[in-house]
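From first to last, the protein sequence lines stand for chains A and B.
Just so we're aligned: the first sequence equals residues 6 to 119 in the numbering used here.
Just so we're aligned: the second sequence equals residues -16 to 94 in the numbering used here.
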Amino acid sequence: SQTIHQWPATLVQPVGSPLSLECTVEGTSNPNLYWYRQAAGRGLQLLFYSVGIGQISSEVPQNLSASRPQDRQFILSSKKLLLSDSGFYLCAWSTGQGLTYEQYFGPGTRLTVT
Amino acid sequence: GQQLNQSPQSMFIQEGEDVSMNCTSSSIFNTWLWYKQEPGEGPVLLIALYKAGELTSNGRLTAQFGITRKDSFLNISASIPSDVGIYFCAADYNQGGKLIFGQGTELSVKP
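The following block contains the structure:
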């Protein structure tokens, strides 16, 4: 069966510091991968998605970037955090074949920028 | 742009009651999904719908893909305390497996 991991679970970072959040998927090959941000427990906003290694599409211009160095690894980064980057960051995967609309989410990372 | 309007925003019900919530849009979609999110966790997929008019059940949950392809409905029968959470609708957005999400319906169940 497939599992998705995110770490860290929680993070408190000062403004201006760098960020690296990691997501890994097990039990599947060549998945589509997604990064979302959720503010105040509502409304998931798609930030990035990837259909393969090194292939990243950005949905919203922002202070963040994403990378996919391996098939089942997706990383969200920032060089300098802003207060507005606080939120709940969710990684999701879907199969790269057939019914790609069914997305499965990880447990999330709660980021607080102080 | 495309937007999903989910209602109600919140519901406070008594254990054992049935629940109905819906999601509407001015855009046509080919896929509707319903997720449940509990506090501090990621959303969990409940039901996926792929055909207009389709009615699908998952235990006490039943969801329908509206015949106009612009809406979807989720019903929960005989609610129990563990049904508490935020329920999100989602629909296919452009191409490439991307989803657009509603703002969620927060469900509270009083024992």
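Just so it is clear, CB atoms sit at the ideal spot from N, CA and C, and this is done for glycine as well.
Residue i: buried (16+ other C-beta within 10 angstroms of its C-beta) or exposed?
i	result
B:N13	exposed
B:S(-10)	exposed
B:K34	exposed
A:L87	exposed
A:V17	exposed
A:N37	buried
A:T15	exposed
B:I69	buried
B:A61	exposed
A:T105	buried
B:P26	buried
A:A71	buried
B:T51	exposed
If you draw a straight line from the C-alpha of residue i to the C-alpha of residue j, how long is it?
i	j	result
A:T119	A:G111	25 Å
A:T114	A:Q11	7 Å
A:V30	A:T8	6 Å
B:A73	B:I83	5 Å
A:I58	A:Q78	9 Å
A:G101	B:K81	12 Å
A:W98	B:S8	25 Å
B:E(-2)	B:E37	28 Å
B:P94	B:I59	16 Å
B:K53	B:N5	11 Å
For a test of the three-state rule: what should DSSP assign to residue i, helix, strand or coil?
i	result
B:S60	coil
B:D1	coil
A:L116	strand
B:D54	strand
A:D76	coil
B:S65	helix
Check for me: the beta strand (DSSP E) holding residue i runs from which residue to which?
i	result
A:G111	From DSSP, A:G111 is part of no beta strand (DSSP E); its letter is neither H nor E.
A:N68	That residue, A:N68, is in no beta strand (DSSP E); it is neither H nor E in DSSP.
B:I30	27 to 32
A:R42	37 to 44
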